[in-house]
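A.B. asks: Take this structure first; my questions come after.
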Amino acid sequence: MRAFRLTETGQDPALTDLPLPEPGPGEIRLRIAACALNFADLLMIQGRYQERPPLPLTLGMEVAGTVDALGPGVAGPAPGTRVAAFGSCGGLAEFGCWPADRCLPLPDGAGFREAAAFQIAYGTGHLALEHRARLQPGERLLVTGAAGGVGLAAVEIGRRMGARVIASARGADRLEIARQAGAHETIDSDTPDLKAALKALGGVDVTYDTVGGAGFDAALRASRPEGRLLAIGFAGGDVPQVPANLLLVKNLSVIGLYWGGYMTFAPQVLMRSLETLLGWIADGSLRPHISHELPLERAAEGLELLRSRQATGKVVILP
Ligand SMILES: NC(=O)c1ccc[n+]([C@@H]2O[C@H](COP(=O)([O-])OP(=O)(O)OC[C@H]3O[C@@H](n4cnc5c(N)ncnc54)[C@H](OP(=O)(O)O)[C@@H]3O)[C@@H](O)[C@H]2O)c1
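In terms of UniProt numbering, the sequence shown is residues 1 to 319.
Spelled out as structure tokens, the structure:
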């Protein structure tokens, strides 16, 4: 089978021929139909991701496909079942193995592309906004990097939860995508005085920050009393530093959220959230935006679309 492999950090991954993988105890083998790309794949290539699986590895964190074989001790899902699955790697290939208890059977209404694309982005948005920040109807939610995979999902979920959504992204075209996903207001992230722009819109109750840097600082200073700031990612490269005195005087909270961490300390919270989201996708109330679909041999091009900030929503590879 063909797989998109990283041999050494800092080097370009490449398509390689590998033997068909055998599922181990507790695992299933999937014939992969779709694998969605993530900013974290870029960090993994650079050796800057928080998880460091041993090299060489097959890139690709979230997939959907058909169960092809069961490992020892696995009762199901049965071969032929359509499922979604995630992990830190293994998805950019024609076949791959995942723990059976990390596979979600797909309802009829969910296609492979959407099922691959929703897990990390929507899972992160749902746990962050509902479970961690307790976003309330009518609250003002700022989403930075709002045209990216994780940002656009948070716009959609925030809107569904009844928030007034302010989307920040770079350029009119990307802001229009955020508006179509449900943003009430938009701000170009290159606006010189972001704090003033946010205050002019009435301030912010909950910030969902995927970019870091100056945008986080502006949001902190434009936060309303009892505001919550979710540190989700640092796509811009700068990790924000938070002056604790501002938290004190304005009664603010900064909340960290690492979605993958739940798999270790509270997997039931994560799987329950994914099941809820899958139901929303199957009934059509969430519609993951996929800007590009590419075959496996163009996976490098897909990653370049993320690196160069040309993708909106998700990029999906179809092995
Ligand atoms: N905490 C968690 O559990 C969790 C889960 C998933 C992802 N994340 C993190 O969330 C962030 C976004 O991930 P994603 O998969 O949504 O990525 P993505 O689709 O590439 O979106 C990132 C967005 O950030 C903006 N951006 C600003 N500066 C950038 C730069 N220097 N390089 C690239 N993009 C830049 C871009 O929008 P504009 O061009 O419009 O500015 C882009 O749309 C990443 O830092 C990722 O590691 C965290």
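Beta carbons are placed, not taken as given, at the ideal position from N, Cα and C, and that holds for glycine. On a predicted model such as this, the values are computed, not experimentally measured, just so you know.
Just the Cα atoms here: how many angstroms apart are isoleucine 317 and glutamate 293?
C.D. replies: Residue mapping note: residue 317 aligns to position 317 of the sequence shown, counting from 1. Residue mapping note: residue 293 aligns to position 293 of the sequence shown, counting from 1. Their Cα atoms are separated by approximately 6 Å.
A.B. asks: Can you list, in chain order, the residues of its chain with a C-beta nearer than 6 Å to that of residue 329? Leave out the 5 residues immediately preceding and following it.
C.D. replies: This structure leaves residue 329 out entirely; the chain is present only between 1 and 319.
A.B. asks: Roughly how many whole angstroms lie between the Cα atoms of threonine 312 and glutamate 139?
C.D. replies: Numbered from its first residue, the sequence shown carries residue 312 at position 312. Numbered from its first residue, the sequence shown carries residue 139 at position 139. In a straight line, the C-alpha of threonine 312 is about 25 Å away from that of glutamate 139.
A.B. asks: Examine ligand 1 and report whether any of its heavy atoms sits within less than 7 Å of the Cβ of phenylalanine 234.
C.D. replies: Within the sequence shown, residue 234 is the residue found at index 234, counting from 1. The answer is yes for phenylalanine 234.
A.B. asks: Run the CB neighbour count on phenylalanine 265, radius 10 Å, all protein chains shown included, and call it buried at 16 or more, exposed below.
C.D. replies: Locating residue 265 in the sequence shown gives position 265, counting from the first residue. Classification for phenylalanine 265: exposed.
A.B. asks: Scan the segment 104-149 and note each continuous beta strand (DSSP E) run of 3 residues or more that stays entirely inside, going in chain order.
C.D. replies: Segments of the beta strand (DSSP E) lying fully in the segment 104-149: 140-144.
A.B. asks: Just list the beta strand (DSSP E) runs in the segment 244-309, keeping only unbroken ones of 3 residues or longer that don't cross its boundaries, in chain order.
C.D. replies: DSSP runs (the beta strand (DSSP E)) wholly in the segment 244-309: 253-256 and 290-295.
A.B. asks: For arginine 48, count neighbouring C-beta atoms within 10 Å of its own C-beta (all shown protein chains included) and say buried if the count is 16 or more, exposed if not.
C.D. replies: For the purposes of this step, residue 48 is identified with residue 48 of the sequence shown, where counting begins at 1. With fewer than 16 other Cβ atoms within 10 Å, it is exposed.
A.B. asks: Please confirm if the segment 70-83 is in contact with the segment 18-35, defined as three or more CB-CB distances below 8 Å between the two stretches.
C.D. replies: As far as the Cβ criterion goes, the segment 70-83 touches the segment 18-35, which means the pair count is three or higher.
A.B. asks: For leucine 248, count the other beta carbons within 10 Å of its own beta carbon; 16 or more makes it buried, fewer makes it exposed. Which is it?
C.D. replies: As a working note, residue 248 is residue 248 in the sequence shown. Classification for leucine 248: exposed.
A.B. asks: Report the option in Gly256, Ala121 and Val67 whose CA atom is closest to the CA atom of valine 315.
C.D. replies: By one-based count along the sequence shown, residue 315 stands at place 315. Valine 315 has its Cα closest to that of Ala121, out of Gly256, Ala121 and Val67.
A.B. asks: Would residue 358 be called buried (16 or more neighbouring beta carbons within 10 Å of its own) or exposed?
C.D. replies: Because the chain here runs from 1 to 319, residue 358 falls outside it and cannot be looked at.
A.B. asks: Ordered along the chain, which non-local residues of its own chain (more than five positions away) have a Cβ less than 8 Å from that of tyrosine 262?
C.D. replies: Taking the first residue of the sequence shown as 1, we reach residue 262 at position 262. Excluding residues within five positions, the ones whose Cβ falls inside 8 Å are Leu127, Val269 and Leu270.
A.B. asks: Return yes when the Cβ of glycine 123 is within less than 8 Å of the Cβ of leucine 92, no when it is not.
C.D. replies: Position 92 of the sequence shown, counted from the first residue, corresponds to residue 92. Position 123 of the sequence shown, counted from the first residue, corresponds to residue 123. Taking 8 Å as the Cβ cut-off, leucine 92 and glycine 123 do not qualify as a contacting pair.
A.B. asks: Confirm the yes/no value for this check: CB of leucine 45, any heavy atom of ligand 1, distance under 7 Å.
C.D. replies: On the sequence shown, position 45 is the one that residue 45 refers to. A small fix is needed here, since residue 45 is isoleucine in this sequence, not leucine. No, the beta carbon of isoleucine 45 sits no closer than 7 Å to any heavy atom of ligand 1.
A.B. asks: Does the Cβ of asparagine 38 lie closer than 7 Å to at least one heavy atom of ligand 1?
C.D. replies: On the sequence shown, position 38 is the one that residue 38 refers to. Asparagine 38: yes, Cβ under 7 Å from ligand 1.
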